[in-house]
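Okay, so the sequence shown: first residue is 63 according to my numbering, each after it adds one.
Beta carbons are placed, not taken as given, at the ideal position from N, Cα and C, and that holds for glycine.
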Amino acid sequence: MPMHNSQSVKYFLSVLVIASIASGNASSAYAQEKAAADRGPAPKPVELLKDAKANPYCANIADAAADARFAWQKETLASLEKQIEGRIKVLEEKRAEYEVWLKRRNEFLAKADEGVVAIYARMRPDAAALQLANMHDETAAAILTKLSPRNASAVLNEMEPARAAQLTNVITDTTKRTQENEKSG
């Protein structure tokens with residue numbers, strides 16, 4: 063008959079006390095009183111009978127309790143899974159929305175870039191040089207790379223040498239990074 067640890071210890075102590083009382087092997091009345099005080103009152107035979115009935119009951123319902131706990135955990139996991147699936151669906155919708163928005167934005171920027179490049183291509187080189195000298199490095203370099211080599215060289219020729227060298231470095235670094243990405247990718 064399987065027992066739980068605390069119940070088996072209690073049962074063992076009860077049997078030990080009964081056995082020592084029955085055999086009369088207690089060394090002194092003092093030792094008996096001290097042992098009884100430490101353990102509490104001796105269990106009655108009726109209590110032992112109740113414990114003996116409780117142990118099989120506990121053993122019999124242990125599987126049912128474990129099954130109930132597993133069922134509860136399964137329900138909880140299913141509920142959490144539904145919540146996560148709902149969140150994933152919302153995120154997928156947002157991602158699709160952002161992809162559409164990004165595509166429209168990139169198309170607009172491509173059209174705007176073409177227009178800006180066309181404007182700089184038609185400008186006088188000295189006027190274009192003044193404009194590009196005051197722009198952000200990457201923006202100015204991007205415009206210069208889209209100009210024809212003849213127009214780009216004329217614009218760079220009109221710039222201060224330090225600024226022209228700086229923009230040329232940005233262009234060559236960008237070209238190197240693009241080539242490295244193409245090789246690695």
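Local Cβ density within 10 Å of residue i, reported as buried at 16 or more and exposed below that
i, result
"residue 231", "exposed"
"residue 63", "Residue confidence for residue 63 is low, a pLDDT of 46 falling below 50, so the modelled location carries little weight; the figure read from the coordinates is stated next. Answer is exposed; the Cβ neighbour count stays below 16."
"residue 190", "buried"
"residue 123", "exposed"
Rounded straight-line distance, which links the Cα of residue j to that of residue i
i, j, result
"residue 213", "residue 155", "46 Å"
"residue 204", "residue 151", "39 Å"
"residue 170", "residue 199", "22 Å"
"residue 138", "residue 146", "12 Å"
"residue 193", "residue 226", "13 Å"
"residue 161", "residue 125", "53 Å"
"residue 142", "residue 127", "23 Å"
"residue 117", "residue 149", "47 Å"
Unbroken alpha helix (DSSP H) run spanning residue i, endpoints
i, result
"residue 215", "211-220"
Residues near residue i by beta carbon distance below 6 Å, same chain, minus five either side
i, result
"residue 183", "209, 213"
"residue 216", "187"
"residue 131", "none"
8 Å CB neighbourhood of residue i in its chain, flanking five on each side removed
i, result
"residue 222", "195"
"residue 197", "205"
"residue 177", "none"
Own chain partners of residue i with C-beta closer than 7 Å, once the 5 adjacent residues on each side are dropped
i, result
"residue 90", "In this predicted model, residue 90 has a pLDDT of only 48, less than 50, meaning its place in the structure is not dependable; the value taken from the coordinates is given anyway. None."
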